[in-house]
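Notes follow the structure.
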């Protein structure tokens with residue numbers, strides 16, 4: 013059987029959503045009977061330790077020499093370096109670019125993306141697909157959105173009225189926003205946490221402030237919805253695939269004054285428990301549409317068609 017080998021972003025210290033998605037993809041493909049691997053030189057990241065996804069993925073140790081055979085499918089990430097160009101340009105029909113963030117085409121200047129526009133792309137949102145086809149000129153871009161593990165991200169029986177947020181998404185932003193929030197409320201950063209720690213914080217929080225910018229999709233707000241949080245903050249690029257007035261208080265990316273209004277609206281919403289219940293229900297329904305089993309099923313169908 014031909015193998016499916018995902019090149020990896022070799023980072024095992026700082027949580028990166030794109031890394032988790034690759035592990036989810038490989039674990040899911042293997043559950044569907046496909047011979048899939050994470051090609052990694054650093055092993056399972058510590059912040060994924062204990063994750064069912066990480067445990068069920070198989071790793072190809074890239075510290076050892078491995079040949080990618082003519083029948084194998086090699087899946088490159090949008091963080092590829094120039095050393096991978098010969099591999100990608102050889103047998104291009106057996107290559108896939110997994111572009112989880114369309115902005116990488118601007119920020120990863122080590123790659124001449126024009127030379128790769130004939131290689132099929134897999135991406136994570138309809139927003140990213142439009143950018144790849146209409147602006148970057150790729151011939152093909154298929155969407156399989158990442159999945160939320162609803163067995164991990166779910167509400168706790170009791171919640172604390174607080175705002176959880178991820179400072180790495182916009183360092184320093186909360187310091188500017190806090191002073192404009194009209195009511196006193198606890199703020200809790202999620203920074204450098206494992207998946208289990210992140211899930212526990214979201215499960216016990218009432219509000220999640222989304223600070224994401226330049227997102228391919230934005231998995232944290234979906235995970236927060238699954239955990240029963242009320243969402244507020246930026247609907248950033250790919251996040252517009254699922255953000256709506258029914259499931260959160262959203263503003264355009266980078267709209268600071270609008271974000272302050274959204275936070276205040278989210279806090280004030282708790283004066284009306286029926287409204288809060290509707291927001292949470294809509295958020296959880298949104299997360300259901302991005303469930304991990306759906307992601308695995310769609311990923312398996314995509315790759316099975318290429319084998």
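Residue numbers (this note's numbering): 13 to 319.
In this text, a Cβ means the ideal position worked out from N, Cα and C, and glycines have one as well.
This structure is a prediction, so every number in the text was calculated from the model and none was measured.
Ignore the nearest five residues each way along the sequence and tell me which others in residue i's own chain have a CB closer than 6 Å to its CB.
| i | result |
| --- | --- |
| residue 75 | 53 |
| residue 211 | 164, 165 |
| residue 33 | 158 |
| residue 109 | 88, 131, 133 |
| residue 125 | 117 |
| residue 282 | 288 |
| residue 199 | 175 |
| residue 233 | 222, 243 |
| residue 179 | 201, 203 |
| residue 275 | 193, 244 |
| residue 308 | 40 |
| residue 292 | 240 |
Reducing DSSP to helix, strand and coil, say where residue i ends up.
| i | result |
| --- | --- |
| residue 182 | coil |
| residue 292 | helix |
| residue 207 | helix |
| residue 80 | coil |
| residue 49 | strand |
| residue 279 | helix |
| residue 191 | helix |
| residue 307 | helix |
| residue 302 | coil |
| residue 174 | strand |
| residue 134 | strand |
| residue 198 | strand |
| residue 14 | coil |
| residue 30 | helix |
| residue 164 | coil |
| residue 312 | helix |
| residue 156 | coil |
| residue 55 | coil |
| residue 40 | helix |
Please look up how many angstroms separate the CB atoms of residue i and residue j, rounded, as I've assumed it's under 8 Å.
| i | j | result |
| --- | --- | --- |
| residue 131 | residue 96 | Not really, about 12 Å apart at Cβ, beyond 8 Å. |
| residue 303 | residue 159 | 6 Å |
| residue 221 | residue 175 | 5 Å |
| residue 88 | residue 100 | 6 Å |
| residue 49 | residue 70 | 5 Å |
| residue 246 | residue 298 | Actually they are not in contact, since the Cβ atoms of residue 246 and residue 298 sit about 16 Å apart, beyond 8 Å. |
| residue 202 | residue 173 | About 17 Å; that fails the 8 Å criterion. |
| residue 123 | residue 98 | The Cβ separation is near 13 Å, so there is no contact. |
| residue 62 | residue 215 | Not really, about 16 Å apart at Cβ, beyond 8 Å. |
Apart from the five residues just before and just after residue i, which ones in its own chain have a Cβ nearer than 7 Å to its Cβ?
| i | result |
| --- | --- |
| residue 311 | 37, 40, 41, 156 |
| residue 51 | 17, 18, 19, 20, 72, 74 |
| residue 296 | 237, 238, 240 |
| residue 120 | 90, 91 |
| residue 153 | 133, 135, 141, 144, 145 |
| residue 294 | 258, 259 |
| residue 128 | 100, 109 |
| residue 151 | 129, 130 |
Answer yes or no: the CB of residue i versus the heavy atoms of the ligand SAH, is any distance below 8 Å?
| i | result |
| --- | --- |
| residue 240 | This structure lacks the ligand SAH, and indeed carries no ligand of any kind. |
Might you give, ordered along the chain, the residues of its own chain that have their beta carbon closer than 8 Å to the beta carbon of residue i, omitting 5 neighbours on each side?
| i | result |
| --- | --- |
| residue 277 | 244, 261 |
| residue 116 | 90, 91 |
| residue 170 | 216 |
Segment contact, 8 Å Cβ cut-off, at least three pairs: the region 263–278 with the region 211–226: yes
Inside the region 215–277 only - alpha helix (DSSP H) runs reaching at least 4 residues: 231–238
4 or more residues per run - each alpha helix (DSSP H) lying fully within the region 59–130: 64–68, 97–101, 116–119
At least three beta-carbon pairs within less than 8 Å, the region 126–141 to the region 159–178: no
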